[in-house]
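**Q** Numbering (the working numbering), first residue to last: 10 to 453.
By construction, the Cβ of each residue, glycine as well, lies at the ideal position given by its N, Cα and C atoms.
The model shown is predicted, which means the values in this text are computed figures rather than measured ones.
1) Would you check if the stretch 338 to 345 and the stretch 298 to 307 touch, i.e. whether three or more CB-CB distances between them fall below 8 Å?
2) Report yes if the CB atom of residue 84 is closer than 8 Å to the CB atom of residue 113, and no otherwise.
3) Return helix, strand or coil for residue 164, following the three-state DSSP convention.
4) Could you tell me whether the stretch 269 to 286 touches the stretch 378 to 398, using the rule of 3 or more Cβ pairs below 8 Å?
5) On the three-state DSSP scale, how would you describe residue 113?
6) Kindly identify the DSSP beta-bridge partner or partners of residue 146.
7) Under 7 Å Cβ to Cβ from residue 170, same chain only, skipping five residues before and after it: list those, please.
8) Under three-state DSSP, which class holds residue 80?
9) Of the choices 67, 98, 323, 338, whose alpha-carbon is the least far from that of residue 35?
10) So what's residue 275 in DSSP terms, helix, strand or just coil?
11) Let's see if you can read the secondary structure: which residues bound the alpha helix (DSSP H) around residue 89?
12) What does the Cβ neighbour count give for residue 403, buried or exposed, with the cut at 16 atoms within 10 Å?
13) Going by alpha carbons, who is nearest to residue 119 out of 184, 56, 48?
14) Spell out the partners DSSP gives residue 123 in its beta bridges.
15) Per DSSP, which residues does residue 483 bridge with? Please list them.
16) Beta-carbon within less than 8 Å of residue 168's beta-carbon, same chain only, minus the 5 sequence neighbours each way: which residues are those?
17) Leaving out five residues on either side along the sequence, give the residues of the same chain with a beta carbon under 6 Å from the beta carbon of residue 94.
18) Within the continuous alpha helix (DSSP H) that includes residue 509, where are the two ends?
19) Given residue 430, which residues of its chain have a CB within under 7 Å of its CB, disregarding the five upstream and five downstream residues?
20) Return helix, strand or coil for residue 409, following the three-state DSSP convention.
21) Give me the Cβ distance between residue 438 and residue 386, rounded to the nearest whole Å; I'm assuming they're in contact under 8 Å.
Rendered as C-alpha cells:
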C-alpha cells in the first residue's frame, strides 16, 4: 500500500486512479472501501505478475511488499484465505468475505499505527510491521507507535523496549517462530480473560497499545519459554544474541589471530592513550567508560578472539557483545563504521606492540602492597586515597571496578586530572615493582 501511494504521489494522481489502471476494473464503492482496508495483506501469484509488469518490478519484490511475508510467524494466511485479500478478487462486486481477525493480530489499514519520528526521517515509508498489533513501540526512537499524527509521543519503558526487540526478531517465518506467536496469542488472551477485563475477544480491538504495553514483557517471556520447551530466564533465550553475534562477524573487517596467552592479557577497558581522541570522538555520545569497554572488546575481536569468549572474559560484562553490535549497527547507519574500524586497527596495533599483561595488572591492583607502594609515590599534597584506588583499576589495569556504575572520580573527570599529574610516574614505579628480575635483586 505504501509503495503504490508513493508512486501515485510521484505521478500526481490519486491512489484510486493508479489502482484502477493496474487492475483494469472499476470497483464498486463498497469494494473500494474494502480494498483500501485490506490492501497490502496478501496477493495471488497471477495478480503479482500483473502488478510487477505494470511497475517494472519482479513478482518476488511485489510479494515481499505484502503482509503475507509474515505467514508462518505472526500471521496465518492459508491458501483458501489468500484470495480473499487479492486486489482483483476484492475489486469484484462480490468478493469472498474474509476478515483480518481470521489471519492474526492486525490493525486495519485505516487504523494503521506509525512512528512519526521515522516518517519525518523517511516520509511516506510505512513499515509492514506497523500493521501488526504486536508492534507497539519503535525500537529506534524508543517511543510508542501511535495511530494518528496528533497523538502525543510517549517514551517506552526499557522492559517494553526489550520485549519488543525480542518479538520483532521472531518475525522471520519458521516453525519455532510460529510456535512463539501461537503461545504469545494464548498468553495475552488468557491474561485478558483471567483478569476479567474482557471476554475472549471476537476481534483484536481490545488489544490496544496501552493494554499490550502493560503485559508484553511478561507475555514475551512466557512465550519464549514455551516455544523453546525450556524454563530458562528470558536473558538466556534472547534470539538476538545469536543474530547479533553473526552480525558482529559481518561487521569486523579484519582479523589478526593472536595466541591465547596474548588474548588473555588484553585490557577490558581501552587505555586512554589509545582511546583519545579518535575513538572517543567516533563513539560519541556513548559515555567514555562504556566507549572504552566497546573499543577494548572490538580490539579483542580484531585480534582473533571469539564472540563467545568475549562475553565470558573475566571482568567483562556478559552483555558486551550484543551492546557492541548495536553500537556498530548505529555507526554503519550513520556512515562512520569504516572510520571507527580504522581507529580500532590503529589502537589494536598500539596495544599489541606494547605487550602489557593487563591480566597481571588487574590481579596486582587489588594487592595491598601495590596500593601502599603507589601511595608512597604520590606527593602528600596530591594524595587522594579513593582516587588512587580507582586509578589502579580504571587507568593502570584498565579493568572494570566491582560495581557496574562509574566511580565519582570517573564521572567528575578527577581521575583524568590525577592521571595527567601522577600517571606516568606511578606506571613506571609499579611496572618496575612487578618485574620478577627487580624483585629478586631487591631480595623480595
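**A** Looking at the coordinates:
1) no
2) yes
3) strand
4) no
5) strand
6) 153
7) 146, 148, 151
8) strand
9) 98
10) coil
11) 88 to 91
12) buried
13) 48
14) 155
15) Since the displayed the chain opens at 10 and closes at 453, residue 483 lies outside it and no answer follows.
16) 226
17) 47, 50, 51
18) Look at the range of the chain in this structure, 10 to 453, and you will see that residue 509 is not part of it.
19) 391
20) coil
21) 5 Å
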